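Participant: Shown below is the structure under consideration.
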Amino acid sequence: MISVTHVSFSYPHAPSVFEDVSMELSAGERVVLLGSNGSGKTTLARLMNGSLVPTDGEVCVDGTNTADVSSTHSSLQVGLIRQDPANQLISASVFEEAAFGPSHLGLSQPEVLARAEKSLELCGIAYLRDRTTYELSGGQQQLLAFAATLALSPHYLVLDEVYVQLDARTRTKIRSLVTSLVSAGLGVLELSHSVESLFGASRVLWLHDGRIAWSGSPNDFLQDASRAAAAGLMHTGYTRVLQKAVARGFDLSAARDMKALGRYLRKKGLQDEAKSLLLERSSSCGRLSHARLNCDVDSDACLNAHTLALRGASLTFETTRALDKVSLESKGELVLLTGRSGSGKTTAARVLAGVLEADEGKAVFDGARVSVGSVGLAFQNPENQVFADTVFDDIAYGPRVRGFSASSLKNSVHRAAHEVDVDSEILKRSPFELSGGQLRRVALAGLVACHFDALVLDEPTAGLDGASRQLIRNMVRTYADHGVPAIVITHDVGEWLEVCDRVAFMAGGKIVGTYCAQQAQFQEDIYEKADLEAPPEVQLLMQLRGGEDFDR
Numbered sequence: 001m002i003s004v005t006h007v008s009f010s011y012p013h014a015p016s017v018f019e020d021v022s023m024e025l026s027a028g029e030r031v032v033l034l035g036s037n038g039s040g041k042t043t044l045a046r047l048m049n050g051s052l053v054p055t056d057g058e059v060c061v062d063g064t065n066t067a068d069v070s071s072t073h074s075s076l077q078v079g080l081i082r083q084d085p086a087n088q089l090i091s092a093s094v095f096e097e098a099a100f101g102p103s104h105l106g107l108s109q110p111e112v113l114a115r116a117e118k119s120l121e122l123c124g125i126a127y128l129r130d131r132t133t134y135e136l137s138g139g140q141q142q143l144l145a146f147a148a149t150l151a152l153s154p155h156y157l158v159l160d161e162v163y164v165q166l167d168a169r170t171r172t173k174i175r176s177l178v179t180s181l182v183s184a185g186l187g188v189l190e191l192s193h194s195v196e197s198l199f200g201a202s203r204v205l206w207l208h209d210g211r212i213a214w215s216g217s218p219n220d221f222l223q224d225a226s227r228a229a230a231a232g233l234m235h236t237g238y239t240r241v242l243q244k245a246v247a248r249g250f251d252l253s254a255a256r257d258m259k260a261l262g263r264y265l266r267k268k269g270l271q272d273e274a275k276s277l278l279l280e281r282s283s284s285c286g287r288l289s290h291a292r293l294n295c296d297v298d299s300d301a302c303l304n305a306h307t308l309a310l311r312g313a314s315l316t317f318e319t320t321r322a323l324d325k326v327s328l329e330s331k332g333e334l335v336l337l338t339g340r341s342g343s344g345k346t347t348a349a350r351v352l353a354g355v356l357e358a359d360e361g362k363a364v365f366d367g368a369r370v371s372v373g374s375v376g377l378a379f380q381n382p383e384n385q386v387f388a389d390t391v392f393d394d395i396a397y398g399p400r401v402r403g404f405s406a407s408s409l410k411n412s413v414h415r416a417a418h419e420v421d422v423d424s425e426i427l428k429r430s431p432f433e434l435s436g437g438q439l440r441r442v443a444l445a446g447l448v449a450c451h452f453d454a455l456v457l458d459e460p461t462a463g464l465d466g467a468s469r470q471l472i473r474n475m476v477r478t479y480a481d482h483g484v485p486a487i488v489i490t491h492d493v494g495e496w497l498e499v500c501d502r503v504a505f506m507a508g509g510k511i512v513g514t515y516c517a518q519q520a521q522f523q524e525d526i527y528e529k530a531d532l533e534a535p536p537e538v539q540l541l542m543q544l545r546g547g548e549d550f551d552r
């Protein structure tokens, strides 16, 4: 058992992260830890695996106080998989990374190799064994971090937002793997902002205002909608359907996935009500697309829209064909780009923003070749985008380079910070003191402050709590409504469907299909063309339809 007893913690020269926190994690249970960005979840995770030591109180792993042993000793017992996998990888190749930990445990060479092979197989990346780690996509890096941790055979796992960079199909496979590990006796603490994490969970903890504000079953937690929202879950039609089912007796702890939910809703005759909740759409959705659908070519939205596009772009890294004649366009639209990990999405984003140059074809903005700095790019990993001593200086860097006056620069920084909910109190802090979600909002604020006329956003909501995801989603929709082309790379297609215009699917470096948002919501089969699993919302809707037609 991991026991956290009356623990308080603060970083040097910073306010206390939390006070008098107590909790337990037993073998053979999966506990979900919820909380808004900046609530201290990652700090608690690091305390549990011994990489941090409490200011007060104690953390014991199977009876041993982490303060009495080395951090290496504790981390072998409690594997921590971080939300920023690139900072967890240390070896040159995939296989070397998986073998690194076991090779330092005094094991025989055959045992080291066997552990590395098995962990890569379990995580579905054995085919990448000879790749260099820097070649991997964000999702592939996350899977490798998972495999390297499993190769150590820890007694407990702490998962810090490990699913956010994975596509839906891979998420399902890794969730099944975690379930099997828990059944075999592993204790798992999962840090999350996703309602999907509640399926099959033993307990839910809510970290709020520096303390464990609530502890109990997933069912009891979800029945209070205001508590669920405050804890970081996004208030969507899917969440509301789940709350409706729970109120009627659906047991989240006993259910493994969404299919059990669909069967329950049909059994209880709730399918029509559930479909209505799933089909509610944002009133702000698609002003430009609405104008096009009605052939209103003279509308202000159409006339003022900028165009960002890839024209037959191809790019090869060494022997890997990352992009293969990719064409993609946004004319003042919110376009999603999705695909499996390693399909070429991030490479396409960088070419669109002028950071990479295609071997063939080009990126164009309003007919001219894109140059560096003409298109706003949000990186998949925000820690690679921030660098200044303070949050204010980081947000101000872009406007300063673009020649903003002193007064205009200050106004732009404060306006951008307000727009993405960066609290003015943290503007003087170092960005590297912030949580992952706070850091992502700071990186986005840096783009907003520059007033770009085109945006490329790589997983802009990854790791954000529900309120922040809603905020960013609506903000990007507003930009598109004012003619700013916005291309969003995402694995979370479901959360964007009610505000996007089109969805483009990538596989093997190619665009394999582009569909309007309505098609992406109603046609589960289009995801298969990119070897993807449809979002839970789409799967549930198709399950409830049961093959029947109804008004779209």
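Numbering of the sequence shown is given in full-length UniProt numbering, commencing with residue 1 and proceeding in unit increments. The C-beta atom is built at its ideal place from N, Cα and C for all residues, glycine as well. Please read all numbers here as calculations on a predicted model, not as lab measurements.
Of the choices ALA147, GLN165, ALA231, LEU47, whose alpha-carbon is the least far from that of GLY38?
Facilitator: ALA231
Participant: Count Cβ pairs between the region 198-211 and the region 11-25 that sit closer than 8 angstroms; are there 3 or more?
Facilitator: Result yes; three or more Cβ-Cβ pairs closer than 8 angstroms.
Participant: When burial is assigned at 16 or more other CB atoms within 10 Å of the CB, is GLU333 buried or exposed?
Facilitator: buried
Participant: Label VAL456 either buried or exposed according to how many other C-beta atoms from any shown protein chain fall within 10 Å of its C-beta, with 16 as the threshold for buried.
Facilitator: buried
Participant: Any idea if TYR238 is buried or exposed, counting beta-carbon neighbours within 10 angstroms, 16 or more meaning buried?
Facilitator: buried
Participant: Apart from the five residues just before and just after ALA247, which ones in its own chain have a Cβ nearer than 8 angstroms to its Cβ?
Facilitator: GLN223
Participant: Using CA coordinates, which residue listed in ALA368, ILE472, GLU29, GLY466 is at the minimum distance from VAL448?
Facilitator: The shortest Cα separation from VAL448 among ALA368, ILE472, GLU29, GLY466 belongs to ILE472.
Participant: So which of ASN474, GLY376, GLU117, VAL69 has the shortest CA-CA distance to CYS500?
Facilitator: ASN474
Participant: For HIS208, name the three-state secondary structure that DSSP assigns.
Facilitator: strand
Participant: According to DSSP, is ARG321 part of a helix, a strand, or is it coil?
Facilitator: strand
Participant: In whole angstroms, what is the alpha-carbon distance linking SER371 and GLY354?
Facilitator: Taking the Cα positions, SER371 is about 5 angstroms away from GLY354.
Participant: Please list the terminal residues of the continuous alpha helix (DSSP H) segment that includes HIS73.
Facilitator: 71-77
Participant: Just list the alpha helix (DSSP H) runs in the region 229-280, keeping only unbroken ones of 4 residues or longer that don't cross its boundaries, in chain order.
Facilitator: 237-247, 258-267, 271-278
Participant: Going by DSSP, name the residue or residues bridged to ARG502.
Facilitator: VAL335, CYS516
Participant: Could you say which of LEU177, ALA348, GLY437, GLY398 lies nearest to SER36 if we only look at CA atoms?
Facilitator: GLY437
Participant: Below 8 angstroms, can you find three or more Cβ-Cβ pairs linking the region 4-11 to the region 38-48?
Facilitator: yes
Participant: Using the three-state DSSP reduction, which class does ASN294 fall into: helix, strand or coil?
Facilitator: Low confidence applies to ASN294: its pLDDT is 38, below 50, so where it sits in the model is not reliable enough to give any reading.
Participant: Between ALA313 and ALA358, which are expected to be in contact by the criterion C-beta below 8 angstroms, what is the C-beta distance as a whole number of angstroms?
Facilitator: 4 angstroms
Participant: Residue range of the alpha helix (DSSP H) that LEU48 falls in?
Facilitator: The sequence given here has Met at residue 48, not Leu. Here the alpha helix (DSSP H) through MET48 covers 41-48.
Participant: Using 7 angstroms as the threshold, is the C-beta distance between GLY376 and PHE452 below it?
Facilitator: yes
Participant: Looking only at its chain, what residues have a beta carbon closer than 6 angstroms to the beta carbon of ALA486, apart from the 5 residues adjacent to it on each side?
Facilitator: LEU334, LEU455, VAL476, TYR479, ALA480
Participant: Looking only at its chain, what residues have a beta carbon closer than 7 angstroms to the beta carbon of THR132, apart from the 5 residues adjacent to it on each side?
Facilitator: Hits under 7 angstroms: ALA92, SER93.
Participant: Which residue comes first and which comes last in the alpha helix (DSSP H) that contains VAL182?
Facilitator: 168-183 is the span of the alpha helix (DSSP H), which, as asked, contains VAL182.
Participant: By the DSSP assignment, the alpha helix (DSSP H) with TYR527 in it spans what residues?
Facilitator: 525-528
Participant: What residue from ARG402, LEU89, GLU135 has the CA that sits closest to GLY344's CA?
Facilitator: GLU135
Participant: Could you please give the first and the last residue of the uninterrupted beta strand (DSSP E) stretch that includes SER16?
Facilitator: 16-25
Participant: Taking 6 angstroms as the limit between beta carbons, can you name the residues of its chain near GLY509, skipping five residues before and five after?
Facilitator: ARG321, ALA322, LEU323, ASP324, GLY344
Participant: What number of angstroms, rounded off, separates the C-alpha of SER183 from the C-alpha of ILE395?
Facilitator: 46 angstroms
Participant: Quick one: what does DSSP say HIS6 is sitting in, helix, strand or coil?
Facilitator: strand
Participant: Run through the region 340-371 for me and flag every whole alpha helix (DSSP H) of 4 or more residues, listed as ranges in chain order.
Facilitator: Qualifying alpha helix (DSSP H) stretches, in chain order: 345-352.
Participant: What number of angstroms, rounded off, separates the C-alpha of GLY50 from the C-alpha of HIS155?
Facilitator: 14 angstroms
Participant: Is the CB-CB distance between GLY466 and MET258 below 7 angstroms?
Facilitator: Result no, Cβ atoms of GLY466 and MET258 do not sit closer than 7 angstroms.
Participant: Among residues of its own chain, excluding the 5 on either side of GLN83, which ones have a beta-carbon nearer than 6 angstroms to its beta-carbon?
Facilitator: ASP160, GLU161, GLY436, GLY463
Participant: To the nearest angstrom, how far is it from the Cα of ASN294 to the Cα of SER226?
Facilitator: Any reading at ASN294 must be qualified, since the residue scores a pLDDT of 38, below 50, and its modelled position is unreliable; the value itself is stated next. If I take the Cα positions, the gap works out to 39 angstroms.
Participant: Does the Cβ-Cβ distance between LEU189 and LEU34 come in under 7 angstroms?
Facilitator: It is not a contact, given that the beta carbons lie outside the stated cut-off.
Participant: Would you call LEU107 buried or exposed, if buried means 16 or more other Cβ atoms sit within 10 Å of its Cβ?
Facilitator: exposed
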